[in-house]
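The structure under discussion appears below in the form of structure tokens.
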Amino acid sequence: MSGHSVISVRTGREQMVDITDRVRDIVSGSGVTDGMCTVFSMHTTAGITINENADPDVKTDLLYGLDRAFPDRDEYRHAEGNSHAHLRTSCVGPSVNIIVSDGRLVLGTWQGVFLCEFDGPRTRSVAVKVWEC
51 MSGHSVISVR TGREQMVDIT DRVRDIVSGS GVTDGMCTVF SMHTTAGITI NENADPDVKT
111 DLLYGLDRAF PDRDEYRHAE GNSHAHLRTS CVGPSVNIIV SDGRLVLGTW QGVFLCEFDG
171 PRTRSVAVKV WEC
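This note's numbering puts the sequence shown at residues 51 to 183.
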């Protein structure tokens, strides 16, 4: 696969959006049998992570924990007022790399790929690159 694909995701204020199936579709259409897949958020206030996709309370708890670790505070100096979202994104990270084997993502039974929205609502762009190794 040359280049990359872009997934567009409409988000709410703060949420974790499961994009696993959309990434799987890109991998299966890439023709790559053994390689790597990078999933990258093209934003400074939205991250990408891999975590449990079975129990929705996990997403709630992760957002709660990040809110406790990086609360919205009046002391922040960034004029746009979303420093807490920048901090959360830096903590979570903007991308993940996933092994591709036999044309499929190598994920554990309960794992999913999530776009983490920290400053919505927005329309987010997620770049997905699949390549042969």
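For every residue, glycine included, the Cβ atom is placed at its ideal position computed from N, Cα and C.
CA-to-CA, the gap between residue 171 and residue 62 works out to about 4 angstroms. DSSP lists 88 as the bridge partner or partners of residue 179. Here the stretch 84 to 103 lies against the stretch 135 to 145, with 3 or more beta-carbon pairs under 8 angstroms apart. DSSP, reduced to helix, strand and coil, places residue 165 within a strand of the structure shown. In the same chain as residue 121, and ignoring 5 residues on each side of it, the C-beta atoms closer than 7 angstroms to its own belong to 134, in chain order. Distance from residue 150 to residue 180 at the Cβ level is roughly 6 angstroms; contact confirmed, criterion being Cβ atoms closer than 8 angstroms.
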